[in-house]
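A.B. asks: Residue numbers (this note's numbering), protein chains in the order written: chain A, 1 to 142; chain B, 143 to 284; chain C, 285 to 426; chain D, 427 to 568.
4 protein chains.
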Amino acid sequence: MNAAHVFHTRVYYEDTDAAGIVYYANYLKFAERARTEILREAGIVQREMAETMGVAFAVRSVSVDYIRPARLDDALIVESETIEVGGATADGIQTVRRAEDRAELARLTVRLACLRLADGRPTRIPEAVRAALSRHIVVTKP
Amino acid sequence: MNAAHVFHTRVYYEDTDAAGIVYYANYLKFAERARTEILREAGIVQREMAETMGVAFAVRSVSVDYIRPARLDDALIVESETIEVGGATADGIQTVRRAEDRAELARLTVRLACLRLADGRPTRIPEAVRAALSRHIVVTKP
Amino acid sequence: MNAAHVFHTRVYYEDTDAAGIVYYANYLKFAERARTEILREAGIVQREMAETMGVAFAVRSVSVDYIRPARLDDALIVESETIEVGGATADGIQTVRRAEDRAELARLTVRLACLRLADGRPTRIPEAVRAALSRHIVVTKP
Amino acid sequence: MNAAHVFHTRVYYEDTDAAGIVYYANYLKFAERARTEILREAGIVQREMAETMGVAFAVRSVSVDYIRPARLDDALIVESETIEVGGATADGIQTVRRAEDRAELARLTVRLACLRLADGRPTRIPEAVRAALSRHIVVTKP
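1. For C/G452 and chain B, any beta-carbon pair shorter than 7 Å?
2. Taking all protein chains shown into account, decide if C/V394 is buried (16 or more other Cβ within 10 angstroms of its Cβ) or exposed.
3. Quick one: which unbroken beta strand (DSSP E) runs of 3-plus residues sit fully inside the region 54 to 126 of chain A? Chain order, please.
4. Write down the C-beta distance between B/L214 and D/Q472 rounded to the nearest angstrom, noting that I regard them as a contact closer than 8 Å.
5. Under 8 Å Cβ to Cβ from B/A273, same chain only, skipping five residues before and after it: list those, please.
6. Please state the DSSP three-state secondary structure of A/R35.
7. Select from the region 386 to 405 of chain C all residues with a C-beta closer than 7 Å to any C-beta belonging to chain B, and list them in chain order.
8. Relative to chain B, which residues along the region 481 to 501 of chain D have a C-beta separation below 8 Å, given in chain order?
9. Based on DSSP bridge pairs, tell me the residues matched to D/I563.
10. Pull out every residue of the region 446 to 480 of chain D whose Cβ sits closer than 8 Å to any Cβ of chain A, in chain order.
11. Are C/V339 and D/V488 touching if we call contact CB-CB under 7 Å?
12. Would you kindly report the start and end of the unbroken beta strand (DSSP E) that includes C/V290?
13. Tell me which residues share the same chain as C/Y350 and place their Cβ nearer than 8 Å to its Cβ, disregarding the 5 neighbours each side in the sequence.
14. Between A/E100 and chain D, is any beta-carbon pair separated by less than 7 Å?
15. Could you give the C-beta distance for D/H434 and D/I464, rounded to a whole number, given that I count them as a contact under 8 Å?
16. Say whether chain D places a C-beta atom closer than 7 Å to the C-beta of A/Y13.
17. Measuring CA to CA, which of B/G229, B/A145, B/E221 and B/E174 is closest to B/A241?
18. Measuring straight from C-alpha to C-alpha, what distance separates B/R266 and B/G229?
19. For B/E84, count the other beta carbons within 10 Å of its own beta carbon; 16 or more makes it buried, fewer makes it exposed. Which is it?
20. Counting only the same chain and skipping the five closest in sequence on each side, list residues whose C-beta sits under 6 Å from that of D/S560.
21. With a 10 Å radius around its C-beta and 16 neighbouring C-beta atoms as the bar for buried, classify A/G120 as buried or exposed.
22. Under the DSSP definition of a beta bridge, which residues are partnered with B/I186?
23. Short of 6 Å in beta carbon distance, which residues of its chain neighbour D/D517, apart from the five on each side in sequence? Order them along the chain.
24. Could you name the residues of chain B that C/T300 contacts, counting a contact when the two beta carbons are closer than 7 Å?
25. If distances are taken between C-alpha atoms only, which option among D/T478, D/V485, D/V437 and D/M479 comes closest to D/A496?
26. Give the C-beta separation of C/E316 and A/K29 to the nearest angstrom, bearing in mind that I take them to be a contact with Cβ-Cβ under 8 Å.
27. Please tell me whether B/A255 and B/R177 are closer than 7 Å, where the distance is taken between their beta carbons.
28. Please classify A/R102: is it buried, with 16 or more other beta-carbons within 10 angstroms of its beta-carbon, or exposed?
29. With a threshold of 7 Å on Cβ separation, who are the neighbours of A/P122 within its own chain once the five nearest residues in sequence on each side are excluded?
30. Please check the pair A/N2 and A/V129, which I expect to be a contact at CB under 8 Å, by giving their CB distance rounded to whole angstroms.
31. Quick one: measure Cβ to Cβ for D/A476 and D/L543, integer angstroms, because I've assumed they're closer than 8 Å.
32. Should D/T442 go down as buried or exposed, given a rule of 16 or more other Cβ atoms within 10 Å for buried?
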């Protein structure tokens with residue numbers, strides 16, 4: 001059965017800013033760590049993916065809604081759901097929650113593109129990667 | 143006459159990643175630097191704004207389209223246009239361009255909220271700040 | 285029995301630069317994460333330390349020797365040893381190793397100062413914090 | 427006549443942390459920006475240096491003394507002096523000052539090594555680069 005991917009991370013000083021909260025760009029780091037772990041759990045290491053398959057993912061677009069701020073020392077959960085895996089693109093939603101009470105802190109909508117490293121052109125997502133991403137399609141589109 | 147705000151910055155090693163291009167979260171840093179300079183050019187320093195007016199801006203949402211990658215040593219231009227200044231929120235568009243050929247690299251749509259620091263609640267944007275942002279409304283909505 | 289503190293972390297895209305390796309400033313982030321976890325494992329949360337005891341640590345000096353580069357996807361170990369806990373300062377050594385083969389990647393010598401937040405002046409390290417740090421004094425000075 | 431190299435930069439939210447000051451690792455970013463500009467002012471662009479000469483600089487060691495904290499909105503000056511240019515290494519001192527009153531905030535001692543990208547081995551610093559660095563040797567060793 002498919003399920004959202006769950007990734008745990010933590011807020012350190014490096015993530016915060018003078019407003020006392022996590023700097024807005026850093027939620028994109030948390031989300032990217034989670035996407036990396038989705039692949040790793042399926043046996044796909046991005047450095048090897050680049051070297052052996054000659055492909056890499058690039059983020060085409062990201063939208064972030066900031067709901068509540070994360071603070072120093074907060075334990076965080078990043079929940080990732082794949083929405084759709086197309087030929088050369090994949091769409092997903094990632095929700096950053098405070099672990100303590102599961103409060104929603106930020107919600108990201110991400111579109112990834114698979115690129116051929118030789119020329120930077122879009123290319124079909126390799127089957128193993130496609131399977132890894134599809135494992136986290138939670139709701140089948142009707 | 144109103145005009146887009148223009149901010150110049152540069153890509154250093156710190157901004158790039160192992161894919162050889164600027165890491166996707168870092169465009170949000172470039173955009174934030176530009177927003178800070180919009181205020182500074184109007185005589186508004188954010189640290190003082192917090193201390194004397196008791197308010198600060200928080201990003202409510204940001205959407206980024208990544209068009210072409212920026213690379214090490216690229217000179218960048220961030221063009222910022224205010225779309226609308228509401229009571230407690232302001233909407234803008236920021237375009238990151240390569241200075242050399244003005245190629246569009248990333249386009250951000252940003253919504254800011256003005257918050258009272260005492261309780262984190264939305265509050266009316268101070269007049270001086272409102273004027274600074276309104277200076278960069280390029281197209282009047284019909 | 286005292287032992288070096290061991291902290292596990294991982295290299296993500298955010299940590300690397302266009303040279304394909306971890307950017308040199310980011311080893312300081314790894315080291316700071318480890319120092320935070322030393323305190324946390326002793327029940328000391330820095331945000332609470334600031335709020336209830338009115339003190340915080342500042343880094344007075346750090347020296348880093350870069351031995352071998354860490355790369356994307358590397359699992360890392362940060363080993364931390366306390367050298368000496370003085371009145372208001374603490375000295376330690378932190379070694380960043382590649383988990384796979386325990387190869388030494390970077391070695392940091394760090395001096396921390398305990399500061400009173402009210403005025404930024406040095407102040408005596410609280411006893412609970414002193415105990416937490418002393419737990420990782422490996423070699424007693426002769 | 428030789429002189430220290432002077433580089434201007436600014437503290438933005440991205441550079442600060444929840445303690446309200448610049449995060450300690452970020453002084454290394456400021457220093458690296460300054461080193462990049464030393465080369466650029468001598469007509470040496472690091473991306474081209476890698477592509478045409480097949481060499482790059484790596485930091486071998488860095489020591490930082492943190493004297494006073496930099497804060498949000500501070501204008502900073504990075505003064506860089508070359509101490510010695512050896513065969514494959516170069517040593518320098520970089521001082522980060524607050525522009526307003528020239529107060530010393532941090533002092534870095536840096537050793538760079540020139541590496542052949544093909545195999546990562548130390549290699550002789552190219553003459554053009556050697557000249558650029560030597561321009562900032564302020565005091566001749568007796």
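Note that beta-carbon positions come from the ideal geometry of N, C-alpha and C, so glycine has one too.
C.D. replies: Short version:
1. Since the first residue of chain C shown is 285 and the last is 426, residue 452 of chain C is not available in this structure.
2. buried
3. 55 to 66, 75 to 85, 89 to 98 and 104 to 116
4. 7 Å
5. A184
6. helix
7. none
8. R497, L498 and D499
9. D/T508
10. G446, I447, Y449 and A451
11. no
12. H289 to R294
13. Y308, Y311, L389 and A390
14. no
15. Between D/I464 and D/H434 the Cβ distance is about 13 Å, and since that is not below 8 Å, they are no contact.
16. yes
17. B/E221
18. 5 Å
19. Here chain B has residues from 143 to 284 only, and residue 84 of chain B is not among them.
20. V511
21. exposed
22. DSSP, once it has assigned bridges, lists no residue as partnering B/I186.
23. I509, E510 and R537
24. D159 and A160
25. D/V437
26. At roughly 15 Å, the Cβ-Cβ gap does not stay under 8 Å, so C/E316 and A/K29 are not in contact.
27. no
28. exposed
29. A88, A113, C114 and L115
30. Contact doesn't hold; Cβ gap of about 16 Å is too wide.
31. 6 Å
32. buried
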